[in-house]
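Student: Mind having a look at this structure? Questions to follow.
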Amino acid sequence: MSNSPRMIVMSGWGVKPQLLEPWCQVFDATFDIEVLEWPDLMEGRRLSIRERADRLALHITSPTVCVGWSLGGEFLIDFAHHYPECVSGLVLLGTNPSFVASGNWPGMDAAVFHRFVDQYQENPSKTMQRFASLQVSGSHDPRARLRCVKSYLEEASPLLGELLLELTIDRRLPLGSLRCPVLHLLADHDELVPNALSRHLNTEFVEAASHVMFLDQPTK
Numbered sequence: 434m435s436n437s438p439r440m441i442v443m444s445g446w447g448v449k450p451q452l453l454e455p456w457c458q459v460f461d462a463t464f465d466i467e468v469l470e471w472p473d474l475m476e477g478r479r480l481s482i483r484e485r486a487d488r489l490a491l492h493i494t495s496p497t498v499c500v501g502w503s504l505g506g507e508f509l510i511d512f513a514h515h516y517p518e519c520v521s522g523l524v525l526l527g528t529n530p531s532f533v534a535s536g537n538w539p540g541m542d543a544a545v546f547h548r549f550v551d552q553y554q555e556n557p558s559k560t561m562q563r564f565a566s567l568q569v570s571g572s573h574d575p576r577a578r579l580r581c582v583k584s585y586l587e588e589a590s591p592l593l594g595e596l597l598l599e600l601t602i603d604r605r606l607p608l609g610s611l612r613c614p615v616l617h618l619l620a621d622h623d624e625l626v627p628n629a630l631s632r633h634l635n636t637e638f639v640e641a642a643s644h645v646m647f648l649d650q651p652t653k
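In structure tokens form, the structure reads like this:
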């Protein structure tokens with residue numbers, strides 16, 4: 434059994450967790466790493482926040498560094514809120530705890546988001562391809578990044594459409610209540626999570642990077 438501290442990693446919406454495995458290799462010498470599937474996809478239904486946290490608690494039973502990208506980060510905020518004893522530190526990559534803009538909180542315009550949800554219902558495969566393009570926009574090598582992301586897209590399904598609605602949940606209060614150290618990393622050229630988030634959260638920037646910052650700058 435490894436004596437290294439444990440790290441678990443969760444992916445973002447619509448992208449298989451294996452996309453993050455090459456990046457995880459950067460930390461192999463320091464952590465015992467496991468990339469987790471979303472419990473919802475394993476059970477074939479959208480779980481409630483508490484159900485999802487309970488399922489994760491079956492795999493994360495002792496203090497663990499939890500790393501979440503995009504919506505995966507939001508799920509880990511929920512987990513850390515319900516199981517604080519199991520999270521020794523939380524790293525959020527391109528995660529907005531309130532993804533849809535409201536009031537003075539920066540995020541995706543609500544009308545744009547709901548139009549995206551409607552487009553997914555009408556043509557899920559085409560919408561996922563468009564979403565992949567948004568994720569790599571701002572990358573220094575967008576064509577290569579796009580090929581990579583497309584090769585790891587989840588198969589379009591009604592469940593993925595339901596999980597899009599998780600992005601409408603405001604997780605700012607649970608995030609603010611966490612007792613563990615939290616590191617927010619934002620990409621300076623992210624098309625999905627605005628840089629203005631740094632006015633509201635203590636963040637650090639990954640330079641010359643898109644939403645897939647772990648592909649653009651794997652060692653930063």
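Counting in our numbering, the sequence shown runs from 434 upward without gaps.
Beta carbons are placed, not taken as given, at the ideal position from N, Cα and C, and that holds for glycine.
#1: Taking the runs of the alpha helix (DSSP H) that are 4 residues or longer, which of them lie wholly in the stretch 439–514?
#2: Counting C-beta neighbours from all protein chains within 10 Å, is the total for Ser-477 16 or more, i.e. buried, or is it exposed?
#3: Bridge partners of Gly-522, per DSSP?
#4: So, helix, strand or coil for Met-434, using DSSP?
#5: Of the choices Glu-588, Gly-527, Leu-504, whose alpha-carbon is the least far from that of His-617?
#6: Is Thr-560 helix, strand or coil when you go by DSSP?
#7: In the DSSP assignment, the beta strand (DSSP E) including His-622 goes from what residue to what residue?
#8: Assess, as a yes-or-no matter, whether the stretch 582–594 is touched by the stretch 444–461 under the definition of 3 or more beta carbon pairs within less than 8 Å.
#9: Tell whether a beta-carbon distance below 8 Å holds between Leu-504 and Leu-600.
#10: Please state whether DSSP places Glu-637 in a helix, a strand or coil.
#11: Over the uninterrupted alpha helix (DSSP H) stretch that includes Glu-595, give me the two end residues.
#12: Spell out the partners DSSP gives Leu-608 in its beta bridges.
#13: Met-475: buried (16+ other C-beta within 10 angstroms of its C-beta) or exposed?
#14: Please classify His-622 as buried or exposed, where buried requires at least 16 neighbouring CB atoms within 10 angstroms.
#15: Taking Glu-588 as part of the alpha helix (DSSP H), name the residues at either end of that continuous run.
#16: Quick check on Ser-566: does DSSP put it in helix, strand or coil?
Tutor: The answer reads as follows:
#1: Residue ranges of uninterrupted alpha helix (DSSP H) with 4 or more members, entirely inside the stretch 439–514 and ordered along the chain, are 454–457, 472–476, 482–490.
#2: Correcting the residue identity first, residue 477 is Gly in this sequence and not Ser. Classification of Gly-477: exposed, given that the 10 Å Cβ count is below 16.
#3: Val-498
#4: At Met-434 the pLDDT is 49, less than 50, meaning the model places this residue with poor confidence and gives no usable figure here.
#5: Gly-527
#6: helix
#7: First-last for His-622: undefined, no H or E at that position.
#8: Touching, yes.
#9: yes
#10: strand
#11: 591–597
#12: Leu-608 is not bridged to any residue.
#13: exposed
#14: buried
#15: Taken as a continuous stretch (DSSP letters only), Glu-588 belongs to no alpha helix (DSSP H), as it is neither H nor E.
#16: helix
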